[in-house]
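Peer 1:
Residue numbers (the working numbering): 166 to 430.
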């Protein structure tokens, strides 16, 4: 793997992790086009760390408010903004359960799906259909609650499959449930924190027995930096797109990407 490969994969991860086009599928496709059999474990960790930092930095105020409200409410039980932040924190935890439990139970089965690039193509077609259907979703201004959080969490669980976009499926689920576009996107990104952190942690555990070189350290630094910078830009861009109600347009891209993947590979 070259330095350019690390930069390209960092760009792909940063953009596709947050845009509703499936980072797992695009990484598989990029590796196929670059003839990379398997990226180093260091780079895989770097890509997850970079996108995790993107969410932490972009939503730092929201995260601080949620943590402050959570612990303040637990200690004081003041039914003000603290209670709302406490409830939102609980909803994020609830929404994280399906992916956490299902991901661990079916870990081997999910990993086998990454062996087939064409499988990612077919899943991209499903993502395309989901995104295009959001054009019919009605904005009923429903708030996030426990039931809606669990449904969105189930969508996140399905996105473990390569080709099913995490942000695409979770934001779409929020829109179908009548949540406002901006709030659906915000909840989706906050919900990604435990998922991305968990993925990075699982990969980091594998580093215990891995030997590394100076090239690995360079790839780690570049992968983290590029995926972080591009990730922040992708989050900012997607929030604007969601607010303008043009979210469904990504479905056309996923349709073309899916067909290309199936026909090319």
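We put the CB at the ideal spot given by N, CA and C, even for glycine. Please read these numbers as outputs of a predicted model, since none were measured by experiment.
Measuring CB to CB, does residue 388 end up less than 7 Å from residue 212?
Peer 2: Yes, the Cβ-Cβ distance between residue 388 and residue 212 is below 7 Å.
Peer 1: Using CA atoms only, rank isn't needed, just tell me which of 296, 166, 217 and 254 is closest to residue 419.
Peer 2: Minimum Cα distance to residue 419 is reached at 296.
Peer 1: Could you give the uninterrupted runs of the beta strand (DSSP E) lying entirely in the region 177 to 213, keeping only those of 3 residues or more?
Peer 2: Here no run is fully enclosed.
Peer 1: What residue does the alpha helix (DSSP H) around residue 329 start on, and which one ends it?
Peer 2: Per DSSP, residue 329 belongs to no alpha helix (DSSP H) and is neither H nor E.
Peer 1: Mind the definition here: the region 321 to 334 touches the region 344 to 359 only if three or more C-beta pairs lie below 8 Å; say whether that holds.
Peer 2: Verdict: yes, contact present.
Peer 1: Could you check the C-alpha separation between residue 228 and residue 352 for me, to the nearest Å?
Peer 2: Distance between the alpha carbons of residue 228 and residue 352: 11 Å.
Peer 1: Return the residue from the list 301, 251 and 236 that minimises the CA-CA distance to residue 411.
Peer 2: Comparing Cα-Cα distances from residue 411 to each of 301, 251 and 236, the minimum goes to 301.
Peer 1: Apart from the five residues on each side of it in sequence, which residues of its chain come closer than 8 Å, Cβ to Cβ, to residue 198?
Peer 2: Taken in chain order, the list of residues that qualify is empty.
Peer 1: Rounded to whole angstroms, how far is the Cβ of residue 346 from the Cβ of residue 283, which I believe are closer than 8 Å?
Peer 2: That pair is no contact at about 33 Å.
Peer 1: Using a Cβ-Cβ distance cut-off of 7 Å, determine whether residue 317 contacts chain E.
Peer 2: Reference to chain E is not applicable here, since this structure consists of a single protein chain.
Peer 1: In the DSSP assignment, find the alpha helix (DSSP H) that holds residue 379 and state where it starts and stops.
Peer 2: Per DSSP, residue 379 belongs to the alpha helix (DSSP H) from 379 to 408.
Peer 1: Tell me which residue opens and which closes the alpha helix (DSSP H) that residue 233 is part of.
Peer 2: Start and end: 225 to 241.
Peer 1: Which residues mark the beginning and the end of the alpha helix (DSSP H) in which residue 284 is found?
Peer 2: Residues 282 to 298.
Peer 1: So what does DSSP say about residue 344, is it helix, strand or coil?
Peer 2: If DSSP states are grouped into helix, strand and coil, residue 344 belongs with the strands.
Peer 1: On the premise that residue 393 lies in contact with residue 218, defined as a C-beta separation below 8 Å, what is that separation, rounded to the nearest angstrom?
Peer 2: The pair is a contact, with the Cβ atoms about 5 Å apart (cut-off 8 Å).
Peer 1: Throw me the rounded Cβ distance for the residue 286 and residue 423 pair, which I believe falls under 8 Å.
Peer 2: With 8 Å as the limit, residue 286 and residue 423 qualify as a contact, their Cβ atoms being about 5 Å apart.
Peer 1: Going by other Cβ atoms of all chains shown within 10 Å of its Cβ, with 16 needed for buried, is residue 183 buried or exposed?
Peer 2: When all chains shown are included, residue 183 counts as buried.
Peer 1: Using a threshold of 7 Å, state whether the C-beta atoms of residue 404 and residue 364 are closer than that.
Peer 2: Their beta carbons are not under 7 Å apart, which means residue 404 does not touch residue 364 by this criterion.
Peer 1: State buried or exposed for residue 361, treating a residue as buried only when at least 16 other CB atoms are found within 10 Å of its CB.
Peer 2: Per the 10 Å Cβ criterion, buried.
Peer 1: With H, G and I counted as helix, E and B as strand and the rest as coil, what does DSSP make of residue 307?
Peer 2: It is a strand residue.
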